[in-house]
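J.: Just dropping this structure here.
2 protein chains.
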Amino acid sequence: IIELAGVEKIYFAGSVPVHALRHIDLEIYRGEFVAIMGASGSGKSTLMNILGCLDRPTRGSYFLEGVDVSELDKDQRASIRNGKIGFVFQGFNLLRRTSALENVELPLIYSGVPAAERARRSRIALSIVGLAHREESHPNQLSGGQQQRVAIARALVNNPSLLLADEPTGNLDTRTSLEIMGVFQALNRDAGITIILVTHEPDIADFASRVVTVRDGRIIEDRRVRRV
Amino acid sequence: IIELAGVEKIYFAGSVPVHALRHIDLEIYRGEFVAIMGASGSGKSTLMNILGCLDRPTRGSYFLEGVDVSELDKDQRASIRNGKIGFVFQGFNLLRRTSALENVELPLIYSGVPAAERARRSRIALSIVGLAHREESHPNQLSGGQQQRVAIARALVNNPSLLLADEPTGNLDTRTSLEIMGVFQALNRDAGITIILVTHEPDIADFASRVVTVRDGRIIEDRRVRRV
Ligand SMILES: Nc1ncnc2c1ncn2[C@@H]1O[C@H](COP(=O)(O)OP(=O)(O)OP(=O)(O)O)[C@@H](O)[C@H]1O
Ligand SMILES: Nc1ncnc2c1ncn2[C@@H]1O[C@H](COP(=O)(O)OP(=O)(O)OP(=O)(O)O)[C@@H](O)[C@H]1O
Ligand SMILES: [Mg+2]
Ligand SMILES: [Mg+2]
Numbered sequence: 768i769i770e771l772a773g774v775e776k777i778y779f780a781g782s783v784p785v786h787a788l789r790h791i792d793l794e795i796y797r798g799e800f801v802a803i804m805g806a807s808g809s810g811k812s813t814l815m816n817i818l819g820c821l822d823r824p825t826r827g828s829y830f831l832e833g834v835d836v837s838e839l840d841k842d843q844r845a846s847i848r849n850g851k852i853g854f855v856f857q858g859f860n861l862l863r864r865t866s867a868l869e870n871v872e873l874p875l876i877y878s879g880v881p882a883a884e885r886a887r888r889s890r891i892a893l894s895i896v897g898l899a900h901r902e903e904s905h906p907n908q909l910s911g912g913q914q915q916r917v918a919i920a921r922a923l924v925n926n927p928s929l930l931l932a933d934e935p936t937g938n939l940d941t942r943t944s945l946e947i948m949g950v951f952q953a954l955n956r957d958a959g960i961t962i963i964l965v966t967h968e969p970d971i972a973d974f975a976s977r978v979v980t981v982r983d984g985r986i987i988e989d990r991r992v993r994r995v
Numbered sequence: 768i769i770e771l772a773g774v775e776k777i778y779f780a781g782s783v784p785v786h787a788l789r790h791i792d793l794e795i796y797r798g799e800f801v802a803i804m805g806a807s808g809s810g811k812s813t814l815m816n817i818l819g820c821l822d823r824p825t826r827g828s829y830f831l832e833g834v835d836v837s838e839l840d841k842d843q844r845a846s847i848r849n850g851k852i853g854f855v856f857q858g859f860n861l862l863r864r865t866s867a868l869e870n871v872e873l874p875l876i877y878s879g880v881p882a883a884e885r886a887r888r889s890r891i892a893l894s895i896v897g898l899a900h901r902e903e904s905h906p907n908q909l910s911g912g913q914q915q916r917v918a919i920a921r922a923l924v925n926n927p928s929l930l931l932a933d934e935p936t937g938n939l940d941t942r943t944s945l946e947i948m949g950v951f952q953a954l955n956r957d958a959g960i961t962i963i964l965v966t967h968e969p970d971i972a973d974f975a976s977r978v979v980t981v982r983d984g985r986i987i988e989d990r991r992v993r994r995v
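Protein chains in written order, with our numbering: chain B, 768 to 995; chain E, 768 to 995.
As structure tokens, then:
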């Protein structure tokens with residue numbers, strides 16, 4: 768489903784270029800549950816942004832379901848992002864002036880889903896993450912972990928076939944983290960959703976069937992794990 | 768050094784009041800290293816905001832080094848925050864349009880420290896968190912964990928006697944987290960800095976000599992730990 772070949776990403780910030788990704792070859796198959804680990808600054812979020820069609824590599828190619836993403840125009844990439852991909856951002860990226868419910872509805876608005884159906888599906892997503900009782904709240908009225916869970920609900924509401932989650936449990940206590948990972952696991956096992964999840968916590972990586980380790984913009988380890 | 772008595776915090780968001788803190792009695796002694804744990808939404812950040820003089824309780828009193836904080840005016844509280852307290856925010860709260868170095872310098876600007884001395888001390892703080900090579904970068908050019916480390920450096924630069932850190936390792940890999948906790952431990956042991964740290968990770972809480980657990984706005988456990 769995903770094929771990155773020779774991917775590099777260089778940022779030009781100030782005087783010195785930053786080689787965020789140096790050479791990435793990566794194949795991910797439909798229905799896999801992959802954890803990405805690595806030190807702070809090693810390139811994980813940059814990799815996720817490319818996978819999520821939010822950014823383009825400086826060199827190399829990205830084939831998503833056989834389609835060369837670099838050949839697509841802006842609208843086509845937006846359409847893929849909205850239809851196929853759910854993205855939980857490391858910084859949440861919620862709209863500050865709208866409610867939790869409206870934040871979760873956003874992907875459905877882009878998809879043209881009618882208002883009543885939109886609200887119904889968004890409420891389901893919010894209750895899955897334990898926030899049904901806070902749908903009217905704005906992000907600044909929510910705790911850090913509650914904001915993170917709104918971001919998770921928004922990523923799930925469009926029934927994506929690919930879920931990209933960048934540190935989705937970073938602000939959650941252990942028990943809430945395990946609840947969320949249980950949701951992801953069920954989606955992977957029962958709905959066949961492909962999941963790529965960045966985490967720095969080994970207990971969270973344990974839910975994945977494959978662990979990819981990044982260091983200084985390269986993949987230094989790619990390990991399949993046997994699960995019962 | 769810190770005495771909270773009968774502290775309550777009620778938010779009025781929409782139709783239903785939110786009892787973020789219901790009844791908090793808490794005493795913290797000079798030089799202690801306290802971890803605060805609890806579920807997402809249980810009131811930890813609200814408690815930290817009151818301790819950091821950024822917010823006032825709805826009821827109850829807060830004595831900081833024997834001074835009744837509620838008796839102080841806005842300027843006096845700002846002066847305490849700048850002089851005595853270092854705060855690492857759960858959401859970092861960096862200024863987006865200025866460099867990492869300038870973000871770290873901010874508390875020193877408020878304290879009236881001259882420019883050369885300011886830059887020198889800020890560079891030391893950035894190198895302590897491993898970001899000396901990125902002082903010119905703006906927050907949007909930094910990874911999540913790098914932004915978190917800039918926030919940590921900023922909290923330390925004014926040599927505070929009280930460090931309040933809200934999930935300071937939430938975006939950091941295990942090794943970087945342990946490096947940061949080593950810095951905090953050294954400051955506590957050698958400089959006698961009082962540290963109150965919110966975390967959801969038991970391995971991080973292990974660095975503390977006391978663990979306070981919050982649930983639904985109340986303290987349900989307060990446990991001192993023997994350390995070698
Ligand atoms: N400005 C506000 N208006 C309304 N409710 C608020 C506001 N700020 C916080 N709350 C609510 O108060 C409760 C406690 O929030 P707080 O941020 O202290 O939780 P927390 O323990 O830090 O959670 P987390 O671990 O998710 O960061 C939550 O239910 C939150 O939604
Ligand atoms: N817009 C940008 N301009 C310059 N450098 C950037 C930019 N975005 C990211 N970087 C740099 O690229 C490198 C990789 O960043 P990335 O966000 O992918 O790291 P990460 O592995 O997600 O880290 P973390 O675990 O801290 O979130 C870092 O050194 C970062 O500072
Ligand atoms: Mg990242
Ligand atoms: Mg919090």
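For each residue, glycine too, the CB sits at the ideal point set by N, CA and C.
Residues bridged to residue 962 of chain B by DSSP?
T.: If you number the first sequence from 1, residue 962 of chain B lands on position 195. DSSP lists B:800 and B:930 as partners of residue 962 of chain B.
J.: Going by beta-carbon coordinates alone, are residue 954 of chain B and residue 802 of chain B separated by less than 9 Å?
T.: As a first step, residue 954 of chain B must be located in the first sequence, where it is residue number 187. As a first step, residue 802 of chain B must be located in the first sequence, where it is residue number 35. No, the pair does not count as a contact, with Cβ atoms beyond the cut-off.
J.: Could you give the first and the last residue of the continuous beta strand (DSSP E) run that contains residue 890 of chain B?
T.: Your numbering for residue 890 of chain B matches position 123 in the first sequence. Segment 882-895 is the alpha helix (DSSP H) holding residue 890 of chain B; no beta strand (DSSP E) there.
J.: Where does residue 936 of chain B fall in DSSP's three states?
T.: Taking the first residue of the first sequence as position 1, residue 936 of chain B is located at position 169. In the structure shown, residue 936 of chain B sits in coil (DSSP, three-state: anything other than H, G, I, E or B).
J.: So the alpha helix (DSSP H) residue 951 of chain E belongs to, where does it begin and stop?
T.: What you label residue 951 of chain E is simply residue 184 of the second sequence in a count that begins at 1. That run of the alpha helix (DSSP H) goes 941-957.
J.: Using three-state DSSP, classify residue 865 of chain B as helix, strand or coil.
T.: Numbered from 1 along the first sequence, position 98 holds the residue referred to as residue 865 of chain B. Here residue 865 of chain B sits in coil by DSSP.
J.: I want to see whether chain E comes within less than 9 Å of residue 942 of chain B, judged by CB atoms only; does it?
T.: Within the first sequence, numbered from 1, the residue matching residue 942 of chain B stands at position 175. Closer than 9 Å to some Cβ of chain E, the Cβ of residue 942 of chain B qualifies, so yes.
J.: If residue 933 of chain B sits next to residue 857 of chain B, beta carbons under 8 Å apart, how far is it from one beta carbon to the other, in whole angstroms?
T.: Position 166 of the first sequence holds residue 933 of chain B. Position 90 of the first sequence holds residue 857 of chain B. 4 Å between Cβ atoms; contact.
J.: Would you grab the beta carbon distance between residue 849 of chain E and residue 925 of chain E for me? Rounded to a whole angstrom, and I think it's under 8 Å.
T.: Translated into positions along the second sequence, residue 849 of chain E becomes position 82. Translated into positions along the second sequence, residue 925 of chain E becomes position 158. Correct: roughly 7 Å between the Cβ atoms.
J.: Which residues bound the alpha helix (DSSP H) around residue 817 of chain E?
T.: For the purposes of this step, residue 817 of chain E is taken as residue 50 along the second sequence, with counting starting at 1. 811-818 is the span of the alpha helix (DSSP H), which, as asked, contains residue 817 of chain E.
J.: Can you tell me which of the three DSSP states residue 924 of chain B falls into?
T.: On the first sequence, position 157 is the one that residue 924 of chain B refers to. Three-state result, residue 924 of chain B: coil.
J.: Classify residue 889 of chain E as buried or exposed, calling it buried when 16 or more other Cβ atoms lie within 10 Å of its own Cβ.
T.: As a first step, residue 889 of chain E is located in the second sequence; it is residue number 122 there, counting from the start. The residue is buried, with at least 16 neighbouring Cβ atoms inside 10 Å.
J.: Of the residues that make up the region 937-970 of chain E, which ones have a beta carbon closer than 8 Å to any beta carbon in chain B?
T.: Of all residues in the region 937-970 of chain E, 937, 938, 939, 940, 941, 942, 943, 944, 967, 968 and 969 have a Cβ within less than 8 Å of some Cβ in chain B.
J.: Figure out for me which residue from B:847, B:855 and B:992 has the closest Cα to the Cα of residue 912 of chain B.
T.: Indexing the first sequence from 1 puts residue 912 of chain B at position 145. That would be B:855, whose Cα lies nearest to the Cα of residue 912 of chain B.
J.: Whole angstroms are fine: how far does the CA of residue 789 of chain B sit from the CA of residue 897 of chain E?
T.: Here residue 897 of chain E is taken as the residue at index 130 of the second sequence, counted from 1. Here residue 789 of chain B is taken as the residue at index 22 of the first sequence, counted from 1. Cα to Cα, residue 897 of chain E sits roughly 21 Å from residue 789 of chain B.
J.: Consider the C-beta atom of residue 932 of chain B and the heavy atoms of ligand 2; say whether any pair is separated by less than 8 Å.
T.: Counting from one through the first sequence, the residue named residue 932 of chain B turns up at place 165. Checking every heavy atom of ligand 2 against the Cβ of residue 932 of chain B, none is found closer than 8 Å.
J.: Cβ of residue 812 of chain E versus every heavy atom of ligand 4: is any distance shorter than 8 Å?
T.: Residue numbering aside, residue 812 of chain E sits at position 45 when the second sequence is read from its first letter. Checking the Cβ of residue 812 of chain E against ligand 4 gives yes.
J.: Okay, do the region 775-787 of chain B and the region 892-909 of chain E touch, 3+ Cβ pairs below 8 Å being the bar?
T.: Yes: the two stretches touch, three or more of their Cβ pairs being nearer than 8 Å.
J.: In whole angstroms, what is the alpha-carbon distance linking residue 776 of chain E and residue 821 of chain E?
T.: The residue labelled residue 776 of chain E in the question sits at position 9 within the second sequence. The residue labelled residue 821 of chain E in the question sits at position 54 within the second sequence. Spanning the two alpha carbons is a distance of roughly 13 Å.
J.: Taking the alpha-carbon positions, what's the residue 948 of chain E to residue 796 of chain E distance?
T.: Along the second sequence, one-based indexing puts residue 948 of chain E at 181. Along the second sequence, one-based indexing puts residue 796 of chain E at 29. Distance between the alpha carbons of residue 948 of chain E and residue 796 of chain E: 20 Å.
J.: On the DSSP letters alone, give me the boundaries of the alpha helix (DSSP H) that residue 850 of chain B sits inside.
T.: Against the first sequence, residue 850 of chain B aligns to sequence position 83. Its alpha helix (DSSP H) spans residues 841-851.
J.: Work out the CA separation of residue 921 of chain E and residue 927 of chain E for me, nearest whole Å.
T.: Numbered from 1 along the second sequence, position 160 holds the residue referred to as residue 927 of chain E. Numbered from 1 along the second sequence, position 154 holds the residue referred to as residue 921 of chain E. If you take the alpha carbons of residue 927 of chain E and residue 921 of chain E, they lie about 11 Å apart.
J.: May I ask you to verify whether the region 803-817 of chain E touches the region 972-987 of chain E, counting CB pairs closer than 8 Å and requiring at least 3?
T.: Short answer: they touch.
J.: Counting only beta-carbon atoms, is residue 984 of chain B nearer than 9 Å to chain E?
T.: Along the first sequence, one-based indexing puts residue 984 of chain B at 217. Chain E, which has no Cβ nearer than 9 Å to the Cβ of residue 984 of chain B, makes this no.
J.: Checking contacts by CB at 9 Å: is residue 905 of chain E closer than that to chain D?
T.: No chain D is present in this structure, whose protein chains are B and E.
J.: DSSP three-state call for residue 768 of chain E: helix, strand or coil?
T.: Here residue 768 of chain E corresponds to residue number 1 of the second sequence, with the count starting at 1. In the structure shown, residue 768 of chain E sits in coil (DSSP, three-state: anything other than H, G, I, E or B).
J.: State the CB to CB distance for the pair residue 975 of chain E and residue 940 of chain B, rounded to an integer number of angstroms; the pair is presumed to be in contact (CB under 8 Å).
T.: Looking up residue 975 of chain E in the second sequence gives position 208. Looking up residue 940 of chain B in the first sequence gives position 173. That pair is no contact at about 16 Å.
J.: Does ligand 3 have a heavy atom nearer than 8 Å to the CB of residue 914 of chain B?
T.: Counting from 1 along the first sequence, the entry for residue 914 of chain B is found at position 147. No, ligand 3 has no heavy atom inside 8 Å of this Cβ.
J.: For a contact defined as C-beta to C-beta under 9 Å, what are the partners of residue 740 of chain B on chain E?
T.: The structure shown has nothing for residue 740 of chain B, since chain B only spans 768 to 995.
J.: Mind checking which residues open and close the beta strand (DSSP E) that includes residue 972 of chain B?
T.: Within the first sequence, residue 972 of chain B is the residue found at index 205, counting from 1. Looking at the DSSP string, residue 972 of chain B is not in any beta strand (DSSP E); the run it does join, the alpha helix (DSSP H), is 969-972.
J.: Following a CB-centred definition, is residue 910 of chain E positioned closer than 8 Å to any heavy atom of ligand 3?
T.: On the second sequence, residue 910 of chain E is found 143 positions in, with the first residue counted as 1. True, at least one ligand heavy atom lies under 8 Å from that Cβ.
J.: Does the separation of the CB atoms of residue 914 of chain B and residue 937 of chain B fall below 9 Å?
T.: One-based indexing of the first sequence puts residue 914 of chain B at position 147. One-based indexing of the first sequence puts residue 937 of chain B at position 170. Cβ atoms of residue 914 of chain B and residue 937 of chain B: not closer than 9 Å.
J.: In the DSSP assignment, the beta strand (DSSP E) including residue 793 of chain E goes from what residue to what residue?
T.: In the second sequence, the residue the question calls residue 793 of chain E occupies position 26. Its beta strand (DSSP E) spans residues 783-795.
J.: Should residue 823 of chain E and residue 817 of chain E be called a contact, given that it needs their Cβ atoms to be closer than 9 Å?
T.: By 1-based counting over the second sequence, the position of residue 823 of chain E is 56. By 1-based counting over the second sequence, the position of residue 817 of chain E is 50. In contact: residue 823 of chain E and residue 817 of chain E (Cβ atoms closer than 9 Å).
J.: In chain order, what residues of the same chain have a beta carbon less than 8 Å from the beta carbon of residue 866 of chain B, not counting five sequence neighbours either side?
T.: Taking the first sequence and counting its residues from 1, one reaches residue 866 of chain B at position 99. Closer than 8 Å at the Cβ level, and outside the excluded window around residue 866 of chain B, lie 902, 903, 904 and 905.
J.: For residue 976 of chain E, name the three-state secondary structure that DSSP assigns.
T.: For the purposes of this step, residue 976 of chain E is identified with residue 209 of the second sequence, where counting begins at 1. The answer is coil: DSSP assigns residue 976 of chain E none of H, G, I, E or B.
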